[in-house]
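*Asks:*
What follows is the structure, encoded as structure tokens:
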């Protein structure tokens, strides 16, 4: 038991002795995003420790070990709210290893206009009181009760401030009377002393003013102080680190777990025996293929490629070669490349086969024009150049997902690591002239792959997801749920890369698939149900322009809150920046027409040829800008320094704010427009039209790298006459569901003449009534007695999806309750039923069992 991590002890306690701690509403109500299940677990574990009587002694130093991309900073934001409200903490010191993360965190925690702001746009409200977050250098002696004071600093600067006291800086003496929360991001950097073998330390070294000792001393100043560390990188195989953190890791959710749960892109290795020029050109074609596939499915994504080199000279040369290659590309050269690739890969089921097959259907003139437009000097950043150090380039690199960011390609050696958050990176290309194949090199590459694996949450068919959706089906949309690492095909290198990926818990697949096919049993094909029966789905009607004739019908508004961003002073040649804190007031600016016109010109979404597809009620862009139902009264509510008036805003500052307003409008309009909505009228479609053989593409997993436990597996169903396919290709939960149905088959057969369970492999779709969200229930249970035919919609659902998919369960159960459901059949003998979600969890399984027995067995 002594060797167990704290995380495991808490989880066991929740499973055996008590339920998990609930997350207070003042946390969930004030965060900008819904908490994912594992984030709720992390906060629940923290709350558990802080409610114990011995928390000051045993739980004043805790660590969250969570995967890159898992949203550690959202957990950090929830932690701040909890400690402020529940334990009256107002003083927080956030420290990291680099200035880049400081800038990002400043936006995440304070910039209401940032797309990555972690709190609600309306501001934090607790018990009816507005709570402010104020950035400070030192904590006030008389704090405002409704203010969280936050100092953002690097660990280096914090160490200097505390050990070499100066005016207007924190000192150990000044902090003795205050209780402080220390928030350490990328916390592995403060373990320099622990990582060393203590036997090799002499007395002088042990007494050095290390960062780690400084933080430990700060924590010890007050028994109510807390040190909360957040990291994705901690090597618990080292005895010294394990001993230090065994009783401090309050929550663990490593990268392997994160990827298995589907919250990341699939990481695919693409080995190639080809020169760098061809490798780079093929990567460009693949990136463009992703863009086309996304566009074909009404998904807005701008894929980015990273070309990774080992030397700056190699990177600069590769940059030049690629741009010259695209600039000089001819139609004949492009056509020859596509023809050659198609001949080589036409029978391949991996990404190259799909890509070259797709390009065979495209107009090569159009493809050529797109390549020359999308891949230019203006759409490329070389992160190795001196110019890269500019504020504009740094901002561009950290806002790659934004619609107005033009960058498609990045060339780099080693500058992109911690603090670099990018979701739309889909290709990493190893430009390998003279590159090392050592374990040190592949360790670095594995870290980069881990960062690139972050999932891009896109909307598809009216649903936005933060998890992969296309793993088990033959869909081209897999291309925008995958990160491809283009590398050399050299055994020594691949072996080292596999070891590095395994050590980093990164789940990697080879780009190779096998196809599992489920066939309808011949006996069922002869059955009258298959020949003459029908499946009932609800009728869709087109939305009309009247459904979208005001901005509010897109859940958007013509009044937009925004904060004025003050200038940041920085002395030339120094990294230290001076941020000015100021009192604010509200400025109301009815946006001038010239700024609205300029913002439209700068955002391609608002080009009328595209825009009219989303706002069918308008006949011109002029109507959009001037109509009182849209932007005729558009107003920005600007939080600005109290000394500033509207007249003080420069044209450039005004335009920047209007650009942000239009980005908000684009997102709302894209998200809420649909061409069809569901009705309560269900009509029959021939059984054989919707139900046929189906196949699932399964990746051939590299067993040395990955341990896939939640993939779909084939289960023979030949001896179960009530299942219409020869096999079920299902995951663990769906397999459990089939067992549940099997337990009731004998009772069902006593009551009904026909009993058949039908796997719905993305064929049968129903759409919420008077709404636009649709889904495809996993199973249909077909029951027929002498009076009626019953079509029962059934959906196994993992507990982590119950909340986000609650609307689906509500829709299914409403089929039993609504009076307006109309089934268009030849007679009145068809009944439609929808049951609660099936779950493996006892409580929810019992609720499903009760539903199932009441509406089918009894």
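Numbering (this note's numbering), first residue to last: 28 to 885.
Beta carbons: idealized from backbone N, C-alpha and C, even for Gly.
As the structure is a computational prediction, the values presented were derived from the model and not from experiment.
1. What separation, rounded to the nearest whole angstrom, lies between the Cα atoms of residue 321 and residue 47?
2. May I ask you to check if the CB of residue 497 is nearer than 6 angstroms to at least one heavy atom of the ligand NAP?
3. I'd like to check one pair, residue 179 with residue 121: are the Cβ atoms closer than 7 angstroms?
4. Less than 7 angstroms separating the beta-carbons of residue 119 and residue 208?
5. For residue 744 and residue 782, what's the separation of their Cα atoms in angstroms?
6. With a floor of 3 residues, list each beta strand (DSSP E) that falls wholly inside the segment 437-505, ordered by position along the chain.
7. With DSSP as the reference, label residue 585 as helix, strand or coil.
8. Determine the direct distance from the alpha carbon of residue 515 to that of residue 456, and round the result to whole angstroms.
9. Residue range of the beta strand (DSSP E) that residue 890 falls in?
10. Quick one: is residue 34 buried, meaning 16 or more other Cβ sit within 10 Å of its Cβ, or exposed?
11. Check residue 272 in the structure and name its three-state DSSP category.
12. Classify residue 568 as buried or exposed, calling it buried when 16 or more other Cβ atoms lie within 10 Å of its own Cβ.
13. Would you list the residues sitting across from residue 755 in a DSSP beta bridge?
14. Is it buried or exposed, residue 93, if we count other Cβ atoms within 10 angstroms and call 16 or more buried?
15. Just curious, the beta strand (DSSP E) that residue 432 is in, first and last residue?
16. Apply the 10 Å Cβ neighbour rule to residue 186 and answer buried if 16 or more other Cβ atoms are within range, or exposed otherwise.
17. Residue 747 by DSSP, collapsed to three states: which one?
18. Between residue 458 and residue 335, how many whole angstroms is the CB-CB distance? I'm expecting something under 8 angstroms.
19. Compute the Euclidean distance between the alpha carbons of residue 252 and residue 177, then round it to the nearest angstrom.
20. Give, in chain order, every unbroken run of the beta strand (DSSP E) that is at least 3 residues long and sits entirely within the segment 323-411.
21. In three-state DSSP terms, what is residue 105?
22. Whole angstroms are fine: how far does the CA of residue 273 sit from the CA of residue 279?
23. In the DSSP assignment, find the unbroken alpha helix (DSSP H) run with residue 871 in it and report its ends.
24. According to DSSP, is residue 682 helix, strand or coil?
25. Can you give me the C-alpha to C-alpha distance between residue 376 and residue 811, rounded to a whole angstrom?
26. How would you label residue 250, buried or exposed, when you count the other beta carbons within 10 angstroms and need 16 or more for buried?
27. I need the DSSP call for residue 823, collapsed to helix, strand or coil.
28. Classify residue 566 as helix, strand or coil using the three-state DSSP reduction.
29. Can you check the segment 504-530 for any alpha helix (DSSP H) of at least 4 residues that lies completely inside it and give the ranges in chain order?
30. What is the C-beta distance between residue 407 and residue 436, in whole angstroms, given that I count them as a contact (C-beta under 8 angstroms)?
31. Rank 331, 704 and 882 by C-alpha distance to the C-alpha of residue 860 and give the top, closest one.
32. Determine, using beta carbons only, whether residue 791 and residue 717 come nearer to each other than 7 angstroms.
33. Could you tell me whether the Cβ atoms of residue 57 and residue 108 are closer together than 7 angstroms?
34. Mind checking residue 555: buried by the 16 CB within 10 Å criterion, or exposed?
35. Helix or strand or just coil, what does DSSP make of residue 202?
36. According to DSSP, residue 151 sits in a beta bridge with which residue or residues?
*Replies:* By the coordinates alone:
1. 40 angstroms
2. Ligands in the displayed structure: none, and consequently the ligand NAP is not present.
3. yes
4. yes
5. 15 angstroms
6. 452-457
7. coil
8. 10 angstroms
9. As shown, the chain starts at 28 and ends at 885. That puts residue 890 outside it, with no answer to give.
10. buried
11. helix
12. exposed
13. 742
14. buried
15. That residue, residue 432, is in no beta strand (DSSP E); it is neither H nor E in DSSP.
16. buried
17. coil
18. 7 angstroms
19. 15 angstroms
20. 331-335 and 407-409
21. helix
22. 11 angstroms
23. 869-879
24. helix
25. 41 angstroms
26. exposed
27. strand
28. strand
29. 518-530
30. 5 angstroms
31. 882
32. yes
33. yes
34. exposed
35. helix
36. 158
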